[in-house]
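When we follow UniProt numbering, the leftmost residue of the sequence shown carries the number 1, and every step to the right adds one.
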Amino acid sequence: MWKNKTLLLDAEAIRRVVRRIGHECLERNRGLEDAVFIGIETRGEPLAERLARQVDAIEGVKVEVYALDVTAFRDDEKAAPAQSNLPAIDVDGKLVLLVDDVLYTGRTVRSALNAIMAMGRPRAIQLAVLVDRGHRELPIRADYVGKNVPTAEREDVAVELLEIDGNDRVWLREKAE
Numbered sequence: 001m002w003k004n005k006t007l008l009l010d011a012e013a014i015r016r017v018v019r020r021i022g023h024e025c026l027e028r029n030r031g032l033e034d035a036v037f038i039g040i041e042t043r044g045e046p047l048a049e050r051l052a053r054q055v056d057a058i059e060g061v062k063v064e065v066y067a068l069d070v071t072a073f074r075d076d077e078k079a080a081p082a083q084s085n086l087p088a089i090d091v092d093g094k095l096v097l098l099v100d101d102v103l104y105t106g107r108t109v110r111s112a113l114n115a116i117m118a119m120g121r122p123r124a125i126q127l128a129v130l131v132d133r134g135h136r137e138l139p140i141r142a143d144y145v146g147k148n149v150p151t152a153e154r155e156d157v158a159v160e161l162l163e164i165d166g167n168d169r170v171w172l173r174e175k176a177e
């Protein structure tokens with residue numbers, strides 16, 4: 001299973017990262033009145049909710065938050081994308097902040113971008129991730145990164161969030177040989 005396990009972020013560090021990304025997003029966009037936050041299921045959704053609460057606390061702006069299941073848009077799925085399963089999100093002309101826990105190869109983000117474009121034509125799409133671990137297979141880069149963690153192929157980044165796992169922690173794990 002896992003040979004070594006190193007704590008990368010504890011609950012307080014995750015809280016600080018979410019606060020910082022909220023401030024960065026507000027500063028870069030000069031407000032978020034025309035924005036929607038879309039969290040990639042599973043752990044991107046609670047992170048998007050946290051970011052929305054942070055933005056509300058800072059600026060008093062309530063941003064709508066949605067969850068997005070990108071399974072039907074993955075390039076390793078055999079069936080054509082089931083666009084009828086997309087959530088009803090009005091993205092036309094809006095800033096979309098796409099949120100995920102870990103950015104790795106970029107394939108999940110690419111799937112999310114395809115799903116969002118199937119919903120309409122946003123003004124812009126930005127990407128926020130809790131951890132960027134490298135190893136990109138596609139030319140995708142996050143606009144907001146909580147922590148950059150260069151990893152080896154034998155390593156894994158595991159995110160635990162209170163809403164799902166009962167804890168807020170990020171671990172770097174090394175696979176046992």
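Each residue gets a CB set at the ideal place from its N, CA and C atoms; glycine is no exception.
Note that this is a predicted model, so its numbers are computed, not measured.
When the options are compared against residue i, the one with the closest alpha-carbon
| i | options | result |
| --- | --- | --- |
| V61 | D34, E45, R107, A72 | D34 |
| G120 | R16, R15, V36 | V36 |
| R136 | R123, P122, A152, A124 | A152 |
| P122 | L95, L161, I58 | L95 |
| V149 | L8, M1, W2, K3 | L8 |
| R107 | D75, A124, D90, R133 | D75 |
| residue 189 | K3, M1, W2, I14 | Examination of residue 189 is not possible in this model, given that the chain is present from 1 through 177 alone. |
| E41 | A72, I125, V91 | A72 |
| A118 | V91, P139, A124 | V91 |
| E163 | W171, R53, P46 | P46 |
Beta-carbon spacing of residue i, residue j below 8 Å
| i | j | result |
| --- | --- | --- |
| E102 | V131 | It is Val, not Glu, that sits at residue 102 in the sequence shown. Yes. |
| L127 | V109 | yes |
| residue 227 | A11 | The structure shown has nothing for residue 227, since the chain only spans 1 to 177. |
| D165 | V129 | no |
| V63 | L26 | no |
| Y104 | R141 | no |
| L68 | A112 | yes |
| A176 | K3 | yes |
| I58 | G22 | yes |
Whole-number beta carbon distance between residue j and residue i, since they are thought to touch under 8 Å
| i | j | result |
| --- | --- | --- |
| L50 | V70 | According to the sequence provided, residue 50 is Arg. The question's Leu does not apply to it. That pair is no contact at about 20 Å. |
| G39 | V65 | 7 Å |
| L86 | A48 | Not confirmed; about 17 Å, so no contact. |
| K5 | R173 | 5 Å |
Under the three-state DSSP convention, the category residue i falls into
| i | result |
| --- | --- |
| A115 | helix |
| S84 | Unreliable placement is indicated for S84, whose pLDDT of 48 sits below 50; the coordinate value is still reported in the next sentence. S84: helix per DSSP, three-state reduction. |
| L162 | helix |
| I89 | coil |
| E137 | coil |
| A128 | strand |
| R173 | strand |
| T71 | helix |
| D76 | coil |
| L47 | helix |
| W2 | strand |
| L26 | helix |
| A57 | helix |
| E33 | coil |
| V145 | strand |
Residue i: CB within 7 Å of a non-hydrogen atom of the ligand ATP
| i | result |
| --- | --- |
| I89 | What this structure holds is no ligand at all, so the ligand ATP is not there to describe. |
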